[in-house]
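Residue numbers (this note's numbering), protein chains in the order written: chain A, 1090 to 1366; chain B, 7 to 316.
Virtual Cβ for every residue (Gly too), placed ideally from N, Cα, C.
For clarity, every value in this text was computed on a predicted model and none was experimentally measured.
Taking it in order: structure first as structure tokens, then the write-up.
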Amino acid sequence: MSRRQTVLRYVVLGIGALAFLFPFYYMVVGSLQTEPDPTPAGAFPSPSNLTLANYSDIDSRVDLWQGLLNSGIFTGGVIIGTVVFGLLAGYSLAVLQWRGRGVVFALALLVQVVPFQLLMIPLYVLIARDYGLADTHLGMILPFAINSTAVIVFRQYFLQLPKELFDAARIDGASELRVLWGVALPLVRPALLTVVLLSFIGPWNEFLWPFLITKEASMQPLAVSLANYISNVAATAANPFGAVLAGAVVLAGPAVALFIVFQRYFTSNDLGSGVKG
Amino acid sequence: MSTASTTRRAGGRTPARRGKLLGENPLGLLFSAPYLVFVVLVFAFPLCFAVWMSFQDYFFAAPGAQVDRPFVGLENYRQVLADPAVWRAFGNVGVFLIINVPLTVALSLVLATALDGATRFRTFLRVSYYVPYVTASVAVVGVWLFLFNGNGLVSQLLGPLAPDPAWLINSTWAMPMIALFVTWKQLGFYILLYLAALQNVPKELYESASTDGAGKVRQFFSVTMPGVRPATVLVVLLATVTGANLFTEPYLLTGGGGPNGASASPVLLMYQRGIEQGSPDVAAAIGVILVVLVLILAWLQRRFVGGEER
Chain A
1090 MSRRQTVLRY
1100 VVLGIGALAF
1110 LFPFYYMVVG
1120 SLQTEPDPTP
1130 AGAFPSPSNL
1140 TLANYSDIDS
1150 RVDLWQGLLN
1160 SGIFTGGVII
1170 GTVVFGLLAG
1180 YSLAVLQWRG
1190 RGVVFALALL
1200 VQVVPFQLLM
1210 IPLYVLIARD
1220 YGLADTHLGM
1230 ILPFAINSTA
1240 VIVFRQYFLQ
1250 LPKELFDAAR
1260 IDGASELRVL
1270 WGVALPLVRP
1280 ALLTVVLLSF
1290 IGPWNEFLWP
1300 FLITKEASMQ
1310 PLAVSLANYI
1320 SNVAATAANP
1330 FGAVLAGAVV
1340 LAGPAVALFI
1350 VFQRYFTSND
1360 LGSGVKG
Chain B
7 MSTASTTRRA
17 GGRTPARRGK
27 LLGENPLGLL
37 FSAPYLVFVV
47 LVFAFPLCFA
57 VWMSFQDYFF
67 AAPGAQVDRP
77 FVGLENYRQV
87 LADPAVWRAF
97 GNVGVFLIIN
107 VPLTVALSLV
117 LATALDGATR
127 FRTFLRVSYY
137 VPYVTASVAV
147 VGVWLFLFNG
157 NGLVSQLLGP
167 LAPDPAWLIN
177 STWAMPMIAL
187 FVTWKQLGFY
197 ILLYLAALQN
207 VPKELYESAS
217 TDGAGKVRQF
227 FSVTMPGVRP
237 ATVLVVLLAT
247 VTGANLFTEP
257 YLLTGGGGPN
267 GASASPVLLM
277 YQRGIEQGSP
287 DVAAAIGVIL
297 VVLVLILAWL
307 QRRFVGGEER
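Below, the structure written as structure tokens:
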């Protein structure tokens, strides 16, 4: 490959990286400024203009810790549901022979193309009105409890394991649960992390559903309380952008950190297998 | 595929009579049961409920109260189709898709191809591309509001070239801005999909194209693009579904689909009509129309993007 092409390649890649990362840099800088400075110079503020006041400002209007806790419970519930029941389903779809297996697998694929937004009205009627689960964590978790993509990712990983492994364990008299726990699970650890990452983004970032069913501020995940702050109270704050951006940093922080630390479990191959089925 | 394996085994053993009804290993059904219940409860039933609701005069009532919700046929649909706001919202999604889908395919394919051949900084670049994808819309909307408001950084940099009124409150620019925002936010995911697809393009094809005298650009169009076509079908489908599901962006970025409905989306209308104004039946009708349109669009895309692959 010629030198000119290599340079061109990195120029394209560099422009891309800049376009993706600059808003995040600007988010952090903006959250630390005493006065919002939208001029180009404001992107490189002097240390004297920096403050943590915006963080305490947003915390006094939106309870950040409570928001993070609610986001955490919502996300944690989805991850547990997905790992436990998704693992069982993925295992039975890949390893066990039973009637209806094809139908369940087809359903898992189909579910991914049904837009959740179509279901929001009936789910709201059922969960918030009929079951009385408005303003509860359970009501928040229910529609996301088992991530279908995760079921497919698990199935894909289990399919790659040699059948003889399972047969050997069964001949030794191990029960099916024991085979799953003792033989299959240790071999699909990387899949476990991929699934945790996959099922983390959904609920942590979800806005519409928790927004619909939580009216009480103390039950709202951070994404919802921050959005309410943006659309309602921002106009009355001394430095509305500073406060909004400080809240944005707190909301984005855990997700970004998680994906940087575990980036090697979130690669094209894992995702490819998940989406291609 | 499940039935094939059961019939294959059926001839051999006689004690397997009991197993035949549920297959060789009925425990599988038990293991999948929680997921199956979940799908029925959270997808299948609400889906039917939504369709049923769109044909009734449905309204919210206190739990347990006995109320009459008569069948009204196509009345909700008639009401929806007579509403200019609904037409506008569907038109807005059209504008969104025309900008978002080609831009997404072009940018993610170019960046994925460039990244595939890169030897240095690969991890850094890959991670920086998907950071927006893993971040909450609500968080990045805050930055975009700051960047694109009347005297925000972008308007300051462009000076007199910036539109007036500013981007997000300008009826011409509001929808394209949302399309741009979503393209930017989702691009990392599609880059990962294309990266996976690029591994499946046989390297020999590039070599033989090269010996035939094809340059890099020519190779991109005659080897890479046909090679990743299945991924392109998927990217186009997913981008379309994302576009149809638009809610957070018009709700927050342009302040509730403003200015004056210029960036309202069907889902935003479903929220306003269904929850705020208490007409879930009308909202359900909008939802059914939306899904039917998406299905038609997906079928058309499969025909034209999918090419001979079908």
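Residue i versus residue j: straight-line alpha-carbon distance, rounded
{"i": "V234/B", "j": "F195/B", "result": "15 Å"}
{"i": "L1121/A", "j": "P1329/A", "result": "12 Å"}
{"i": "F1255/A", "j": "W1270/A", "result": "11 Å"}
{"i": "A1223/A", "j": "L1315/A", "result": "19 Å"}
{"i": "A237/B", "j": "G1131/A", "result": "41 Å"}
{"i": "I1168/A", "j": "I1162/A", "result": "10 Å"}
{"i": "Y1220/A", "j": "F44/B", "result": "16 Å"}
{"i": "L275/B", "j": "A268/B", "result": "12 Å"}
{"i": "S1181/A", "j": "N176/B", "result": "54 Å"}
{"i": "A10/B", "j": "E30/B", "result": "Because A10/B sits at a pLDDT of 43, beneath the cut-off of 50, its placement in the model cannot be relied upon, and the following sentence gives the value as read from the coordinates. Distance between the alpha carbons of A10/B and E30/B is about 12 Å."}
{"i": "D122/B", "j": "A1108/A", "result": "19 Å"}
{"i": "R1098/A", "j": "W1154/A", "result": "44 Å"}
{"i": "P108/B", "j": "L204/B", "result": "19 Å"}
{"i": "L296/B", "j": "L53/B", "result": "13 Å"}
{"i": "L1176/A", "j": "F1243/A", "result": "6 Å"}
{"i": "V1285/A", "j": "V1172/A", "result": "7 Å"}
{"i": "A304/B", "j": "L186/B", "result": "22 Å"}
{"i": "G1191/A", "j": "V1214/A", "result": "32 Å"}
{"i": "L1334/A", "j": "A1273/A", "result": "45 Å"}
{"i": "L1110/A", "j": "N206/B", "result": "29 Å"}
{"i": "R75/B", "j": "S60/B", "result": "11 Å"}
{"i": "T260/B", "j": "A1142/A", "result": "27 Å"}
Cutoff 8 Å: residue i Cβ touching any chain A Cβ
{"i": "F61/B", "result": "no"}
{"i": "P108/B", "result": "no"}
{"i": "G264/B", "result": "no"}
{"i": "M7/B", "result": "Confidence in M7/B is poor, its pLDDT being 39 and thus under 50, which makes the residue's placement too unreliable to answer from."}
{"i": "P138/B", "result": "yes"}
{"i": "N31/B", "result": "yes"}
{"i": "R84/B", "result": "no"}
{"i": "S143/B", "result": "yes"}
Contacts that residue i makes with chain B (C-beta to C-beta distance below 8 Å)
{"i": "Q1155/A", "result": "Under the 8 Å cutoff, chain B gives no residues; its nearest Cβ is about 16 Å from Q1155/A."}
{"i": "P1129/A", "result": "L159, Q162 and L163"}
{"i": "V1277/A", "result": "Those within 8 Å of V1277/A in chain B number zero; the least Cβ separation is about 15 Å."}
{"i": "R1092/A", "result": "Under the 8 Å cutoff, chain B gives no residues; its nearest Cβ is about 13 Å from R1092/A."}
{"i": "S1320/A", "result": "Y257, L258, G261 and G262"}
Distance between beta carbons of residue j and residue i, contact taken as under 8 Å
{"i": "P1112/A", "j": "V149/B", "result": "5 Å"}
{"i": "V311/B", "j": "V242/B", "result": "5 Å"}
{"i": "R308/B", "j": "V239/B", "result": "6 Å"}
{"i": "A291/B", "j": "N82/B", "result": "4 Å"}
Residue i in three-state terms, based on DSSP
{"i": "F77/B", "result": "strand"}
{"i": "Q1352/A", "result": "helix"}
{"i": "L1139/A", "result": "strand"}
{"i": "Q1122/A", "result": "strand"}
{"i": "Q319/B", "result": "Nothing in the structure corresponds to residue 319/B, since chain B is present only between 7 and 316."}
{"i": "Q307/B", "result": "helix"}
{"i": "Q85/B", "result": "helix"}
{"i": "Q62/B", "result": "strand"}
{"i": "V92/B", "result": "helix"}
{"i": "T217/B", "result": "helix"}
{"i": "N251/B", "result": "coil"}
{"i": "N1321/A", "result": "helix"}
{"i": "Q1309/A", "result": "coil"}
{"i": "W150/B", "result": "helix"}
{"i": "S285/B", "result": "coil"}
{"i": "G18/B", "result": "Confidence at G18/B is low in this model, with a pLDDT of 41, below 50, so its placement is unreliable and no value can be given for it."}
{"i": "R126/B", "result": "coil"}
{"i": "G233/B", "result": "helix"}
Chain A residues whose Cβ lies nearer than 7 Å to that of residue i
{"i": "F253/B", "result": "Q1206 and L1297"}
{"i": "M181/B", "result": "The contacting residues do not exist; M181/B stays about 18 Å from chain A at best."}
Contact list for residue i against chain B, beta-carbon separation under 7 Å
{"i": "E1253/A", "result": "The contacting residues do not exist; E1253/A stays about 16 Å from chain B at best."}
Min CB distance residue i to chain B below 8 Å
{"i": "A1239/A", "result": "no"}
{"i": "S1288/A", "result": "no"}
{"i": "W1270/A", "result": "no"}
{"i": "R1150/A", "result": "no"}
{"i": "V1118/A", "result": "no"}
{"i": "N1143/A", "result": "no"}
{"i": "G1161/A", "result": "no"}
Partners in chain A for residue i, counting only beta-carbon separations shorter than 8 Å
{"i": "P52/B", "result": "L1208, P1211, L1212 and L1215"}
{"i": "Y135/B", "result": "G1105, A1106 and F1109"}
Residues that residue i contacts on chain B, provided the C-beta gap is smaller than 9 Å
{"i": "I1235/A", "result": "P40, Y41, F44, V45 and V48"}
{"i": "A1263/A", "result": "The contacting residues do not exist; A1263/A stays about 13 Å from chain B at best."}
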